[in-house]
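**Student:** Below you will find the structure I want to go over with you.
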Amino acid sequence: MGRRLRVLLRRGEEGQALVELALTVPAVMTILTALFAFALAFSNELTLTSAVGVAGENLIKTRNALNSDGTAVLTDPCAQALASIQGAAPSLNPANIGVTLTLNNGTPVTASTCPSAATTMTNKSFDKDPVTVTATYPFILLPIFNFKGGTTGWMLTASVTEYAY
Amino acid sequence: MKKAIRSLVRKALRDQRGQTLPFVALAMTGLMSVAGLVVDVGHAYVVRSQIQNSANAAALAAAGLVYNQQSQTVNTTTQADKFGATGIENPNPYIVGPPVVNLVCVSSLMPKGTSCVNSGPNQSPKNAVQVTQTAKVPTFLMAMVGIRNLTVSATATASMRGTSVPLNLAVIVDGTGSMAQTDSSCGSLTQFQCALSGVQALLELGDPCPSGVSTCSGSTSNIRVSLFTFPNVLTAVNGALPVVNGSPADSISDEIACGGSPATWNTYTRQPIAAPYTLPVPGATLSTYTSGNAPSTYDVGLTYLRYSNTVGSTTKTWDATYQITPFLSDYYNSSDSSGLSSSSNLVKAVGYGNTSGCLTYTFGIWGVGSGSGFGNTYTASAIYAAQAALNAEQASYGGQNAIILLSDGGMNASYYSENKNAYGSADNNNQFAKAYEFPSGPAGSEVGPTHTSPNYPVPSYYTPATSSDSTKSYDTLGVNGQGNYPDWYDQCQQTMQAGQYATNHSTTVFAVAYGASSTSGCSSGWNVGATDTTTLSGVSDVNASFTLSSLTPCIEMENVASNLNDFYSDYYQGGTSTNCIDGAHVSSLSQGGLQAIFQSILTKYLSPQLLPNNAQ
Numbered sequence: 439m440g441r442r443l444r445v446l447l448r449r450g451e452e453g454q455a456l457v458e459l460a461l462t463v464p465a466v467m468t469i470l471t472a473l474f475a476f477a478l479a480f481s482n483e484l485t486l487t488s489a490v491g492v493a494g495e496n497l498i499k500t501r502n503a504l505n506s507d508g509t510a511v512l513t514d515p516c517a518q519a520l521a522s523i524q525g526a527a528p529s530l531n532p533a534n535i536g537v538t539l540t541l542n543n544g545t546p547v548t549a550s551t552c553p554s555a556a557t558t559m560t561n562k563s564f565d566k567d568p569v570t571v572t573a574t575y576p577f578i579l580l581p582i583f584n585f586k587g588g589t590t591g592w593m594l595t596a597s598v599t600e601y602a603y
Numbered sequence: 162m163k164k165a166i167r168s169l170v171r172k173a174l175r176d177q178r179g180q181t182l183p184f185v186a187l188a189m190t191g192l193m194s195v196a197g198l199v200v201d202v203g204h205a206y207v208v209r210s211q212i213q214n215s216a217n218a219a220a221l222a223a224a225g226l227v228y229n230q231q232s233q234t235v236n237t238t239t240q241a242d243k244f245g246a247t248g249i250e251n252p253n254p255y256i257v258g259p260p261v262v263n264l265v266c267v268s269s270l271m272p273k274g275t276s277c278v279n280s281g282p283n284q285s286p287k288n289a290v291q292v293t294q295t296a297k298v299p300t301f302l303m304a305m306v307g308i309r310n311l312t313v314s315a316t317a318t319a320s321m322r323g324t325s326v327p328l329n330l331a332v333i334v335d336g337t338g339s340m341a342q343t344d345s346s347c348g349s350l351t352q353f354q355c356a357l358s359g360v361q362a363l364l365e366l367g368d369p370c371p372s373g374v375s376t377c378s379g380s381t382s383n384i385r386v387s388l389f390t391f392p393n394v395l396t397a398v399n400g401a402l403p404v405v406n407g408s409p410a411d412s413i414s415d416e417i418a419c420g421g422s423p424a425t426w427n428t429y430t431r432q433p434i435a436a437p438y439t440l441p442v443p444g445a446t447l448s449t450y451t452s453g454n455a456p457s458t459y460d461v462g463l464t465y466l467r468y469s470n471t472v473g474s475t476t477k478t479w480d481a482t483y484q485i486t487p488f489l490s491d492y493y494n495s496s497d498s499s500g501l502s503s504s505s506n507l508v509k510a511v512g513y514g515n516t517s518g519c520l521t522y523t524f525g526i527w528g529v530g531s532g533s534g535f536g537n538t539y540t541a542s543a544i545y546a547a548q549a550a551l552n553a554e555q556a557s558y559g560g561q562n563a564i565i566l567l568s569d570g571g572m573n574a575s576y577y578s579e580n581k582n583a584y585g586s587a588d589n590n591n592q593f594a595k596a597y598e599f600p601s602g603p604a605g606s607e608v609g610p611t612h613t614s615p616n617y618p619v620p621s622y623y624t625p626a627t628s629s630d631s632t633k634s635y636d637t638l639g640v641n642g643q644g645n646y647p648d649w650y651d652q653c654q655q656t657m658q659a660g661q662y663a664t665n666h667s668t669t670v671f672a673v674a675y676g677a678s679s680t681s682g683c684s685s686g687w688n689v690g691a692t693d694t695t696t697l698s699g700v701s702d703v704n705a706s707f708t709l710s711s712l713t714p715c716i717e718m719e720n721v722a723s724n725l726n727d728f729y730s731d732y733y734q735g736g737t738s739t740n741c742i743d744g745a746h747v748s749s750l751s752q753g754g755l756q757a758i759f760q761s762i763l764t765k766y767l768s769p770q771l772l773p774n775n776a777q
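In structure tokens form, the structure reads like this:
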């Protein structure tokens, strides 16, 4: 068997290109896939970063706003930040965006809704405290198969800290 | 030897083994270059986006800290550093050096009609903060071809908090009978109460003092706010005010403090008396108090008209004024949950902290009966009074001027000295009837009340009418009934004229139409039946075109505003069916009610905004 193969291989040079191609294709494909993956990741990261900026600015703008009945506009900063990011990043899958808020560099609020944080944020005594918006989005390892590299996967992260003037 | 080489080459050319490899190697180089471009440039773009975010945050934070002053460069830089990419809030590992902070002057933020002067002795104050950050991003793959890092930079420009120069703000709130209607979209308060809550919202927004200063006034403050209302009301200078329903009427100081025991709307006790409309000459400098008792805090700078009345040996003096409080900067208290200082007269006057007090009634405009009130709306004189007060304030402390006029725009001041229709049976002892007289023409030549009761003051410039009340003729001093200020005719046009007069004198006029009718209400002169018949010279349809037959309060209010962006309408109030919609703003703003409108007006002067980096 081994001998026959050796003979076969030695017999002619036809098909050699195919073999060499077969050897190099995985390498090339790996590089190309990595290229796509990185390109997509950078694109997503760019979108996420600018969306986080928008969310941060929006959050501090609505922080002191009031409704006509005198109640605060801001009722749920986490949900509002998430909505801002989703709105500012239409190319990202809204369901995969995660948001974390940190008030005055304290303990991050990781819940998707956080009505209690509104009480602090709209309180005049704390309204000069900075607020940090951090967003995450899954890094997709194999874009074609939407493979995220494990259940948790790697995450793209973007964050900004804004000062409420 | 040669032969051997030739044979080797020939053999090599014929040999196809390993042929793909050089191609792949070549392709790899290209591929790696592209990969390098994607990875390194992509990374650089991400870093650029990150430092743009932190530059924006830094510019906004720095601009939010300072009003327009050059002296606070240090603060600005500190704040920018903190929120920039070198700082603790938005650190970026690739940043080079601290952010470069420049204070710049942007002409579009300057007061109307002025532009930045950037050199010489009369330099304009800086009104914007520009932050530039630069990052050196190391490369991974491009390093192989000798490009070790990529340099990216981001610049953000934000307008400073406050205005390019301090703001003198006159807020004129319609206090006439039509404002007694209930606004069901505003907690079923009256329109007047809702209007005051709008002013509260405005005050809550703005700390008038520079950063780090807790109290300020006059030249040291950045925002000075004065409250006006019309019709003008009486305030005591010397002696008690006229007796109404058995006790002296409220003076303005009582009004501000709610008099301790505020009345319900249908009793006259403890309510200030509406005085006849005084008619300031446009551009006049209103005199200040020179004699009599020392003016109280509330009196200083009032745009007043003095009345005196002598009974026996006692002379009483009162002033009629549109101005409820002078220009104040003491209304803000950052440690209060609302942001308002309850000890400020301005805050008291708009009813904060005492919603069962001042807010339950108005500045003395109620008529008898079940809340119908009475009309008598004439706005032009109030605008001239506010403009005069603004001029005086500006002369003392500088700054730029702005007026916010809130009204339904329906004009109906009567020439009658007594509104018999409104009262049923007016008599000489009814001081409220007297209080609603509409004097016509310049001081010294008005037709006035023919009789005086002991408690009722007669303006010293009044000359008695020759005919009896019931047969009083049309005013002939108001420029032949041709509608020119002041006159019974064409009152809506006079309001526009007054607004445009203020605009032409560098005051930004914001008009807030509150339940302004888009069908009727510009039939001037109660009981007169006179409508807007004459096109007044100098009245321009700057924001909304109209013909005299189609002139409505809505159009009137629109044209009072300095430009269309300064016109707001709350058309959601109950009690009236109107269709007065401001085209310049989204409807949601109107739905947000008066508080949103008032806040959005002040926000124009307050919140730092990101500007294009090349903003002029």
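Residue numbers (our numbering), protein chains in the order written: chain A, 439 to 603; chain B, 162 to 777. Backbone N, C-alpha and C define an ideal beta-carbon position, used for all residues, glycine too.
1. Contact check, I564 of chain B vs A549 of chain B under 8 Å by CB: the rounded distance?
2. I need the straight-line Cα distance from S550 of chain A to N217 of chain B, nearest angstrom please.
3. Does the distance from the CB of A510 of chain B to the CB of L388 of chain B come in under 8 Å?
4. Hey, how far is the Cα of T599 of chain A from the Cα of G494 of chain A?
5. For the region 660 to 675 of chain B, which residues have a beta carbon sitting closer than 8 Å to at least one beta carbon of chain A?
6. Based on the DSSP output, what are the partners of Q484 of chain B in its beta bridges?
7. Counting only beta-carbon atoms, is G453 of chain A nearer than 8 Å to chain B?
8. How would you label Q284 of chain B, buried or exposed, when you count the other beta carbons within 10 angstroms and need 16 or more for buried?
9. Listing by chain order, which chain D residues have their CB less than 7 Å from the CB of Q652 of chain B?
10. Counting only beta-carbon separations shorter than 8 Å, does N538 of chain A have a partner in chain B?
11. Taking 8 Å as the CB-CB limit, is E250 of chain B close to chain A?
12. In whole angstroms, give me the CA-to-CA distance for M467 of chain A and V207 of chain B.
13. Whose C-alpha, out of B:D651, B:N726, B:S542, B:D368, is nearest the C-alpha of G500 of chain B?
14. Once DSSP output is grouped into helix, strand and coil, what is the label at M593 of chain A?
15. If the cut is a Cβ gap below 7 Å, which residues of chain A does V207 of chain B touch?
16. May I ask you to verify whether the region 238 to 247 of chain B touches the region 191 to 200 of chain B, counting CB pairs closer than 8 Å and requiring at least 3?
17. Does Q211 of chain B come within less than 8 Å of chain A when only Cβ atoms are used?
18. Does any C-beta atom of chain A lie closer than 8 Å to the C-beta of S215 of chain B?
19. Using the three-state DSSP reduction, which class does A677 of chain B fall into: helix, strand or coil?
20. Is the CB of D636 of chain B under 8 Å away from at least one CB in chain A?
21. Please list, in chain order, all residues of the same chain as L473 of chain A whose beta carbon is under 8 Å from its beta carbon, the five residues on each side excluded.
22. With 16 as the cutoff for other CB atoms within 10 Å, does F301 of chain B come out buried or exposed?
23. Assuming Q555 of chain B is part of the alpha helix (DSSP H), what are its boundary residues?
24. Step through the CB atoms of chain A and report whether any lies within less than 8 Å of the CB of F301 of chain B.
25. Nearest-angstrom Cα distance between A188 of chain B and V306 of chain B?
26. Residues of the region 346 to 373 of chain B in Cβ contact with chain A at a cutoff of 8 Å, in chain order, please.
27. In three-state terms, what does DSSP make of T312 of chain B?
28. If you draw a straight line from the C-alpha of T664 of chain B to the C-alpha of M271 of chain B, how long is it?
29. Of all Cβ atoms in chain B, is any one closer than 8 Å to the Cβ of I578 of chain A?
30. Could you give the distance in angstroms between the alpha-carbon of Q760 of chain B and the alpha-carbon of V265 of chain B?
31. Leaving aside the five residues before and after S723 of chain B along the sequence, list all residues of the same chain whose C-beta is less than 7 Å from its C-beta, in chain order.
32. Is there at least one Cβ from chain B nearer than 8 Å to V527 of chain A's Cβ?
33. Are the C-beta atoms of S517 of chain B and some chain A residue less than 8 Å apart?
34. With a 10 Å radius around its C-beta and 16 neighbouring C-beta atoms as the bar for buried, classify M593 of chain A as buried or exposed.
35. According to DSSP, simplified to helix, strand and coil, what is A573 of chain A?
36. Once you ignore the five residues that flank A196 of chain B on each side, which residues in its own chain have a CB closer than 8 Å to its CB?
**Tutor:** Inspection of the coordinates gives the following:
1. Within the second sequence, numbered from 1, the residue matching residue 564 of chain B stands at position 403. Within the second sequence, numbered from 1, the residue matching residue 549 of chain B stands at position 388. Going by Cβ atoms, the distance from I564 of chain B to A549 of chain B rounds to 11 Å, so no, they are not a contact pair.
2. By one-based count along the first sequence, residue 550 of chain A stands at place 112. By one-based count along the second sequence, residue 217 of chain B stands at place 56. Their Cα atoms are separated by approximately 26 Å.
3. The residue given as residue 510 of chain B occupies position 349 in the second sequence. The residue given as residue 388 of chain B occupies position 227 in the second sequence. In contact: A510 of chain B and L388 of chain B (Cβ atoms closer than 8 Å).
4. Against the first sequence, residue 599 of chain A aligns to sequence position 161. Against the first sequence, residue 494 of chain A aligns to sequence position 56. The alpha-carbon separation between T599 of chain A and G494 of chain A amounts to approximately 7 Å.
5. Listed by position along the chain: nothing, the set is empty.
6. Sequence index remark: in the second sequence, residue 484 of chain B carries index 323 (1-based). Q484 of chain B is bridged to B:F389.
7. The residue you call residue 453 of chain A lines up with position 15 of the first sequence. Proximity of G453 of chain A to chain B, defined by a Cβ-Cβ separation below 8 Å, is not satisfied.
8. For the purposes of this step, residue 284 of chain B is taken as residue 123 along the second sequence, with counting starting at 1. Counting the other CB atoms within 10 Å of its CB gives Q284 of chain B a total below 16, which places it among the exposed residues.
9. Although the question refers to chain D, the structure presented lacks it and instead comprises the protein chains A and B.
10. Against the first sequence, residue 538 of chain A aligns to sequence position 100. Before going on, a small fix: residue 538 of chain A reads as Thr here, not Asn. Residue contact check for T538 of chain A against chain B: no CB pair falls below 8 Å.
11. Within the second sequence, residue 250 of chain B is the residue found at index 89, counting from 1. By this cut-off, E250 of chain B is an interface position.
12. Within the first sequence, the letter at position 29 stands for residue 467 of chain A. Within the second sequence, the letter at position 46 stands for residue 207 of chain B. Taking the straight line joining both Cα atoms gives about 25 Å.
13. Working through the second sequence from its first residue, we reach residue 500 of chain B at position 339. Distance from the Cα of G500 of chain B is smallest, within the candidate group B:D651, B:N726, B:S542, B:D368, for B:D368.
14. In the first sequence, the residue the question calls residue 593 of chain A occupies position 155. Note: M593 of chain A maps to strand in three-state DSSP.
15. Start at 1 with the first residue of the second sequence, and residue 207 of chain B comes out as number 46. F480, E483, L484, T487, listed in chain order.
16. At 8 Å Cβ cutoff, the stretches do not touch.
17. Locating residue 211 of chain B in the second sequence gives position 50, where the first residue counts as 1. Cβ-Cβ to chain A under 8 Å: yes for Q211 of chain B.
18. Start at 1 with the first residue of the second sequence, and residue 215 of chain B comes out as number 54. When Cβ-Cβ separations below 8 Å define contact, S215 of chain B makes contact with chain A.
19. By one-based count along the second sequence, residue 677 of chain B stands at place 516. Reduced to three states, the DSSP call for A677 of chain B is coil.
20. Numbered from its first residue, the second sequence carries residue 636 of chain B at position 475. Residue placement at D636 of chain B cannot be trusted, given a pLDDT of 30 that sits under 50; the coordinates are not used to answer.
21. The residue labelled residue 473 of chain A in the question sits at position 35 within the first sequence. Excluding sequence neighbours, L473 of chain A sits near nothing in its chain.
22. Counting from one through the second sequence, the residue named residue 301 of chain B turns up at place 140. Exposed is the call here.
23. Working through the second sequence from its first residue, we reach residue 555 of chain B at position 394. Where Q555 of chain B is concerned, the enclosing alpha helix (DSSP H) stretches over 541 to 558.
24. For the purposes of this step, residue 301 of chain B is taken as the residue at position 140 of the second sequence. For F301 of chain B, the answer is no, since every Cβ of chain A falls outside 8 Å of its Cβ.
25. The residue you call residue 188 of chain B lines up with position 27 of the second sequence. The residue you call residue 306 of chain B lines up with position 145 of the second sequence. Taking the straight line joining both Cα atoms gives about 16 Å.
26. Interface annotation for the region 346 to 373 of chain B against chain A: S346, C347, G348, S358, A362, E365, L366, criterion Cβ-Cβ distance under 8 Å.
27. Translated into positions along the second sequence, residue 312 of chain B becomes position 151. Strand at T312 of chain B.
28. Looking up residue 664 of chain B in the second sequence gives position 503. Looking up residue 271 of chain B in the second sequence gives position 110. Answer to the nearest angstrom: the Cα atoms are 15 Å apart.
29. Against the first sequence, residue 578 of chain A aligns to sequence position 140. No, no contact with chain B.
30. In the second sequence, the residue the question calls residue 760 of chain B occupies position 599. In the second sequence, the residue the question calls residue 265 of chain B occupies position 104. The C-alpha of V265 of chain B is placed about 26 Å away from the C-alpha of Q760 of chain B.
31. Counted from its first residue, the second sequence places residue 723 of chain B at position 562. These residues qualify, in order along the chain: T664, T669, V670.
32. Mapped onto the first sequence, residue 527 of chain A falls at position 89. The amino acid at residue 527 of chain A is misidentified as Val; the sequence shows Ala. Under the Cβ distance rule, A527 of chain A does not count among the residues neighbouring chain B, no pair being separated by less than 8 Å.
33. Within the second sequence, the letter at position 356 stands for residue 517 of chain B. At S517 of chain B, the pLDDT of 36 sits below 50, so the modelled position is not reliable; the number obtained from the coordinates is stated separately. Taking Cβ atoms only, chain A never reaches closer than 8 Å to S517 of chain B, which makes this a no.
34. Against the first sequence, residue 593 of chain A aligns to sequence position 155. Per the 10 Å Cβ criterion, exposed.
35. For the purposes of this step, residue 573 of chain A is taken as the residue at position 135 of the first sequence. Here A573 of chain A sits in strand by DSSP.
36. By one-based count along the second sequence, residue 196 of chain B stands at place 35. Contacts found: L302.
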